[in-house]
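A.B. asks: Before I ask anything, let me first share the structure, which is written out below as structure tokens.
Protein chains: 2
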Amino acid sequence: MRVLGVDPGLTRCGVGVVEGVAGRPLTMLGVGVVRTPADAELGQRLVAVEQGIEQWLDEHRPEFVAVERVFSQHNVRTVMGTAQASAVAMLCAARRGIPVALHTPSEVKAAVTGSGRADKAQVGAMVTRLLRLAAPPKPADAADALALAICHIWRAPAQNRLQQAVALHAAGAPSTSKGRRG
Amino acid sequence: MRVLGVDPGLTRCGVGVVEGVAGRPLTMLGVGVVRTPADAELGQRLVAVEQGIEQWLDEHRPEFVAVERVFSQHNVRTVMGTAQASAVAMLCAARRGIPVALHTPSEVKAAVTGSGRADKAQVGAMVTRLLRLAAPPKPADAADALALAICHIWRAPAQNRLQQAVALHAAGAPSTSKGRRG
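Going line by line, the protein sequences match chains V and A. Going by the working numbering, the first sequence opens with residue 366, and the numbers climb by one from there. Going by the working numbering, the second sequence opens with residue 366, and the numbers climb by one from there.
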């Protein structure tokens, strides 16, 4: 499974591609940051994010895109830019028919460190270890994007089983007898 | 000046096209709502908003797009969808090189009713009168989109003078002697 993780932002949008399956060593295929100038017009910044995401999709052809779920409880100013950048990332993926998954920051932290309240350094250290990198990816947005992709790969089997169960239930089939254990 | 007003939203995105200049009777060229199903995936809904906005841009070729400025103080759930839909509208316009302007809800209300705290009915009544319509556009999102376009046409001269002054100042020219009164 090849996943593009996106840590959305207007000034710095982290992007990272990870390939692998749960329970096996993972491979990083690419990591980077899409930047847009803070003094550019908002519309132009969104166009620049779109172009950046499109380049990553073109180059790596991911099967899934995992985007950080944005909450509006946080800083009022930054959250709007984050929501707008995440909308562009989701739009780019959905236009190509690539499934988009949203994961909360605490889900991502819990997936890679075991604690939903881990700090940036801890996430960076675990991403470095799990992907067998020489050094933590910089800036933190890039490391967070890789963590999102890892989180998606590890959570995907459970999510897929859940989706299968829901689909079976919706189709009127007995959902208990056909469950496959992964 | 032909302006597409966009009242952003995922479930209902109001769109309205108004042509005219400040101080002259205005003409409505079109009004409607881009709808997306609430049970569809977020990415698919954003793609549907994009397709809807593109159709309006194709059909009416506006020179400006006016979008409601989103604040995150309001309802936490709806504000994210509003921010995401507005990002798509801004993206569509900016991709075509169409200037995007943001106006706050109170700027729009003040422009068309004289009061920044006017209610929906008052905005609808004034839009109906100013565009000489037979009845208020329904739903309210459609009327709000027209109000945004009207607001932009009426505020534009002042904004253009401000932009000219800033540009002159940035170029080092004396900004007072060259100001043109509109």
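Virtual Cβ for every residue (Gly too), placed ideally from N, Cα, C. These numbers come from a predicted model, not from an experiment.
1) State yes or no: is the C-beta of A:M503 within less than 9 Å of the C-beta of A:Q487?
2) If you drop the 5 nearest sequence neighbours on each side, which residues of the same chain put their C-beta closer than 6 Å to that of A:V430?
3) Residue ranges of each alpha helix (DSSP H) run of no fewer than 4 residues wholly in the region 395-469 of chain V, ordered along the chain?
4) Anyone know if the C-beta pair for A:L496 and A:V383 falls short of 9 Å?
5) Would you mind sorting A:E428 into buried or exposed? The rule is 16 or more other CB atoms within 10 Å of its CB.
6) How about A:G381 and A:V399: do their beta carbons lie closer than 9 Å?
7) Counting contacts by CB-CB distance shorter than 9 Å, is A:Q420 in contact with chain V?
8) Please list, in chain order, all residues of the same chain as V:G385 whose beta carbon is under 8 Å from its beta carbon, the five residues on each side excluded.
9) Check the Cβ-Cβ distances between V:A514 and every residue of chain A, and say whether any is below 9 Å.
10) Using the Cα positions of A:A448 and V:V492, report the straight-line distance between them to the nearest angstrom.
11) Please report whether the beta-carbon of V:L511 lies at a distance below 9 Å from any beta-carbon of chain A.
12) As a quick exercise: from V:L394, V:G395, V:P402, pick the residue whose alpha carbon is nearest that of V:G374.
13) What is the DSSP secondary structure of V:M366, counted as helix, strand or coil?
14) Would a C-beta distance cut-off of 9 Å place A:A508 and A:G489 closer than the cut-off?
15) From what residue to what residue does the alpha helix (DSSP H) around V:V492 run?
16) Where does A:A500 land, buried or exposed, given buried means 16+ other C-beta within 10 angstroms?
17) In angstroms, rounded to a whole number, what distance separates the CA positions of A:D404 and A:R389?
18) Is V:S471 near V:R460, with beta carbons less than 9 Å apart?
C.D. replies: Walking through what the data contain:
1) Here residue 503 of chain A refers to the residue found at position 138 when the second sequence is read from its first residue. Here residue 487 of chain A refers to the residue found at position 122 when the second sequence is read from its first residue. The identity of residue 503 of chain A in the sequence shown is Lys, whereas the question assumes Met. Result no, Cβ atoms of A:K503 and A:Q487 do not sit closer than 9 Å.
2) Here residue 430 of chain A refers to the residue found at position 65 of the second sequence. Within the same chain, A:V430 has close Cβ partners L369, A458, I463, V465.
3) List check, alpha helix (DSSP H) in window: 407-425, 441-460.
4) Indexing the second sequence from 1 puts residue 496 of chain A at position 131. Indexing the second sequence from 1 puts residue 383 of chain A at position 18. Contact flag set, yes.
5) Translated into the one-based positions of the second sequence, residue 428 of chain A becomes position 63. A:E428 is exposed by the Cβ-count criterion.
6) Here the question's residue 381 of chain A lines up with position 16 in the second sequence. Here the question's residue 399 of chain A lines up with position 34 in the second sequence. Not in contact: A:G381 and A:V399 (Cβ atoms no closer than 9 Å).
7) Within the second sequence, the letter at position 55 stands for residue 420 of chain A. No, its Cβ sits nowhere closer than 9 Å to a Cβ of chain V.
8) Here residue 385 of chain V corresponds to residue number 20 of the first sequence, with the count starting at 1. Within the same chain, V:G385 has close Cβ partners M366, L391, T392, I518.
9) As a first step, residue 514 of chain V must be located in the first sequence, where it is residue number 149. By this cut-off, V:A514 is not an interface position.
10) Position 83 of the second sequence, counting from 1, holds the residue named residue 448 of chain A. Position 127 of the first sequence, counting from 1, holds the residue named residue 492 of chain V. Rounded to whole angstroms, A:A448 to V:V492 spans 31 Å at the Cα level.
11) Residue 511 of chain V sits at position 146 when you count from the first residue of the first sequence. Not closer than 9 Å to any Cβ of chain A, the Cβ of V:L511 fails to qualify, so no.
12) As a working mapping, residue 374 of chain V is identified with position 9 in the first sequence. Measuring from the Cα of V:G374, the nearest candidate turns out to be V:P402.
13) To locate residue 366 of chain V, count along the first sequence from 1; it is residue 1. DSSP places V:M366 in coil when its eight states are reduced to three.
14) Along the second sequence, read from residue 1 onward, the residue named residue 508 of chain A stands at position 143. Along the second sequence, read from residue 1 onward, the residue named residue 489 of chain A stands at position 124. Yes, Cβ-Cβ distance for A:A508 and A:G489 is below 9 Å.
15) As a position in the first sequence, residue 492 of chain V is number 127, starting the count at 1. Segment 485-495, the alpha helix (DSSP H) holding V:V492.
16) What you label residue 500 of chain A is simply residue 135 of the second sequence in a count that begins at 1. Per the 10 Å Cβ criterion, exposed.
17) Position 39 of the second sequence, counted from the first residue, corresponds to residue 404 of chain A. Position 24 of the second sequence, counted from the first residue, corresponds to residue 389 of chain A. Their backbone Cα atoms lie some 44 Å apart in a straight line.
18) Here residue 471 of chain V refers to the residue found at position 106 when the first sequence is read from its first residue. Here residue 460 of chain V refers to the residue found at position 95 when the first sequence is read from its first residue. V:S471 is not a Cβ neighbour of V:R460, given a cutoff of 9 Å.
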